[in-house]
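Have a look at the structure below before the remarks.
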Amino acid sequence: MAETVGVDLSHSLAVGHLSGEDWRGMVMRCTQCADPVACQGWLATHQGETVVAAPAWCRNEAQMRRLQVTARDDADKDEVA
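All you need for this note's numbering is the position in the sequence shown, starting with 1, plus 26.
What follows is the structure in structure tokens.
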């Protein structure tokens, strides 16, 4: 899901935007998905694409959105510097 919405979890962890505990929480929420078939279908439909946002029903949607904003803010700072 993260890759599909343009979030690099490894980078987010490395630069301190995501803690190990946050990552673990995301993995746990994902493994406890109420509808993994729908998730797999959504991911298959968007394979190879980068989409604007995770689906609203994704248990990690808010975290993905936060990480997207943080990544954009970092990119903007890099452009200014």
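Just so you know, even glycine gets a beta-carbon here, dropped at the ideal spot from N, CA and C.
Query, Result
"Close Cβ partners of threonine 76 (< 6 Å) along its chain, the five nearest in sequence each way excluded", "Gly32"
"Residue range of the alpha helix (DSSP H) that includes glutamine 66", "62-71"
"Where glutamine 89 falls, given that 16 or more other Cβ within 10 Å makes a residue buried", "buried"
"Proximity to glutamine 58 [Cα-Cα], best of Cys84, Ala101, Arg92 and Val95", "Cys84"
"Nearest-angstrom Cβ-Cβ length linking threonine 30 and leucine 69, presumed shorter than 8 Å", "6 Å"
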